[in-house]
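Below: the structure, in structure tokens.
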């Protein structure tokens with residue numbers, strides 16, 4: 001009995017639903033009553049360029065929409081879409097100011113037989129800020145690495161600066177304008193275009209910034225790496241002294257255009273005065289890198305390790321007495337000359353290592369006879385010493401010369417030689 005009652009209740013509910021649906025169809029198709037409905041429609045902002053003329057810029061919300069309250073027959077109203085309406089905000093029609101602006105929206109298009117009830121009450125709030133412009137240098141940033149054995153030199157930009165514009169608050173946050181490029185295992189020059197971005201101090205991209213131009217052409221020279229030794233340069237250089245010094249590192253990698261580095265076979269240190277560093281076993285020295293050459297490895301500073309015992313021996317001063325033959329230079333071919341003394345005794349001084357290796361052949365000893373004429377003449381003895389050697393004394397400062405004209409037989413003999 002209870003089961004039969006439940007079946008009857010279900011049947012009654014189904015009949016009610018069917019009856020309601022039939023009634024709705026009757027009202028919708030036969031009666032077609034007037035109803036109201038809300039629909040959200042996007043708003044198009046036109047004549048945005050007028051803001052820049054007023055030194056203003058739109059900030060905050062960029063996409064706008066309003067809610068329309070529309071009325072019409074049910075059959076028409078429930079078939080409309082947002083695309084059937086056209087709403088505009090014309091910035092050229094109103095005076096704008098910095099801050100919040102409440103601006104009316106106009107209806108440019110709407111479906112027939114539809115009434116917009118709130119047509120006179122459509123507003124949007126537009127936030128404006130002062131327009132600021134600023135010039136920035138472009139920073140090119142590399143990503144990836146070139147092929148092993150190659151080096152990427154500094155990028156060459158077609159232009160060095162760009163102009164950015166936007167809201168004053170945003171422009172004040174801009175720290176740099178950046179464009180990145182990919183080295184992608186390159187072994188030859190890269191030619192590409194960089195898309196530019198404005199970034200703040202934390203390298204966050206600031207989107208509400210206009211960059212003109214928005215991209216820049218760039219060339220990245222990719223060159224081979226060359227390994228060269230480091231040359232130690234000493235003041236009053238002597239090979240024996242340099243042997244007591246070692247450099248760390250012994251070699252460095254350099255890069256540059258082929259025409260620049262092809263003849264570079266070493267990188268020199270700055271000139272070092274060993275007399276000022278006695279007692280020190282380790283010093284630092286700068287490398288003198290030629291123009292157009294890039295130092296790939298190292299910091300441009302090398303360590304010099306000094307064998308102090310050898311260096312002290314090298315720096316010991318020593319003297320030596322030597323007997324030198326006097327030569328006659330620049331004598332007129334028409335004369336002969338005889339010296340009153342053919343030699344001079346000298347005492348020279350210098351570091352022990354230099355003096356020990358010094359010979360008479362390393363010293364020039366002569367009189368200059370270029371201005372002498374016939375007869376007995378006196379001339380000064382010139383002593384020319386090698387670098388690192390000084391003259392302590394010489395026993396003969398001047399010598400006499402007997403200058404005579406050559407006989408015809410001597411002249412003929414000289415001409416036949």
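In the UniProt record's numbering, the protein residues as written are 1 to 417. Heads up, the beta-carbon is just placed ideally off N, CA and C, and yes, glycines get one too.
CA nearest to the CA of residue 70, picked from 268, 60, 113: In terms of CA proximity to residue 70, 113 leads the group 268, 60, 113.
What's the C-alpha gap between residue 100 and residue 133? Straight-line Cα distance between these residues: approximately 22 angstroms.
Hey, out of 192, 395, 197, whose CA is closest to residue 220's CA? Ranked by Cα distance from residue 220, the first of 192, 395, 197 is 192.
Are the region 249 to 258 and the region 222 to 230 in contact at 8 angstroms, needing three or more beta carbon pairs? The answer is yes - the region 222 to 230 touches the region 249 to 258, with three or more Cβ pairs under 8 angstroms.
Express the C-alpha separation of residue 287 and residue 187 in angstroms, rounding to a whole number. If I take the Cα positions, the gap works out to 28 angstroms.
What separation, rounded to the nearest whole angstrom, lies between the Cα atoms of residue 206 and residue 215? Taking the CA atoms as reference points, residue 206 sits about 16 angstroms from residue 215.
Under the three-state reduction of DSSP, which class applies to residue 90: helix, strand or coil? In the structure shown, residue 90 sits in a strand (DSSP, three-state: E or B).
Contiguous alpha helix (DSSP H) assignments of at least 4 residues, all confined to the region 126 to 202: Counting whole runs of 4 or more residues, the region 126 to 202 contains the alpha helix (DSSP H) stretches 168 to 171.
Neighbourhood of residue 185 by C-beta distance below 6 angstroms, restricted to the same chain and skipping five residues each side: The beta carbon of residue 185 sits closer than 6 angstroms to the beta carbons of 147 from its chain, once the five residues preceding and following it are set aside; these are given in chain order.
Based on Cα-Cα distance, which residue from 379, 196, 320 lies nearest to residue 339? It is 379.
Do residue 324 and residue 346 have their C-beta atoms within less than 8 angstroms of each other? Yes, the Cβ-Cβ distance between residue 324 and residue 346 is below 8 angstroms.
Which of the three DSSP states, helix, strand or coil, is assigned to residue 14? When secondary structure is reduced to three states using DSSP, residue 14 falls in the helix class.
From 178, 208, 204, 201, pick the residue whose C-alpha is nearest to that of residue 194; which is it? Cα-wise, what sits closest to residue 194 is 178.
Helix, strand or coil, according to DSSP, for residue 234 in the structure here? Looking at residue 234 - three-state DSSP - the assignment turns out to be strand.
Could you give the first and the last residue of the continuous beta strand (DSSP E) run that contains residue 333? Following the DSSP letters along the chain, one finds residue 333 in no beta strand (DSSP E), marked with neither H nor E.
Considering only residues of the region 35 to 86, which uninterrupted alpha helix (DSSP H) runs meet the minimum length of 4 residues and lie entirely inside it, listed in chain order? The region 35 to 86 contains these whole alpha helix (DSSP H) runs: 49 to 53, 74 to 77.
Helix, strand or coil at residue 260 according to DSSP, with G and I counted as helix: Residue 260 falls in the helix class under three-state DSSP.
Three-state secondary structure (DSSP) at residue 364? When secondary structure is reduced to three states using DSSP, residue 364 falls in the strand class.
Residue 391 classed as buried or exposed, judged by whether at least 16 other C-beta atoms fall within 10 angstroms: Exposed, by the Cβ-count rule.
Classify residue 198 as buried or exposed, calling it buried when 16 or more other Cβ atoms lie within 10 Å of its own Cβ. Flag for residue 198 reads buried.
What is the DSSP secondary structure of residue 117, reduced to helix, strand or coil? DSSP, reduced to helix, strand and coil, places residue 117 outside both helices and strands of the structure shown, so it counts as coil.
Following the continuous beta strand (DSSP E) through residue 271, name the residue where it begins and the one where it ends. No beta strand (DSSP E) contains residue 271, which DSSP labels as neither H nor E.
May I have the straight-line CA-CA distance separating residue 350 from residue 321, to the nearest angstrom? Rounded to whole angstroms, residue 350 to residue 321 spans 12 angstroms at the Cα level.
Taking the alpha-carbon positions, what's the residue 258 to residue 222 distance? Rounded to whole angstroms, residue 258 to residue 222 spans 11 angstroms at the Cα level.
8 angstroms CB neighbourhood of residue 48 in its chain, flanking five on each side removed: Only 58, 91 meet the Cβ criterion.
As assigned by DSSP and simplified to three states, the class of residue 255: Three-state DSSP puts residue 255 in a strand.
Any idea what DSSP makes of residue 352, helix, strand or coil? Note: residue 352 maps to helix in three-state DSSP.
Where does the unbroken beta strand (DSSP E) through residue 206 begin, and where does it stop? The continuous stretches of beta strand (DSSP E) do not include residue 206, and DSSP gives it neither H nor E.
Using the C-alpha atoms, what's the distance from residue 183 back to residue 142? Straight-line measurement puts the Cα of residue 183 at about 7 angstroms from the Cα of residue 142.
Expressed to the nearest angstrom, what Euclidean distance is found between the alpha-carbon atoms of residue 155 and residue 139? For residue 155 and residue 139, the distance between alpha carbons rounds to 10 angstroms.
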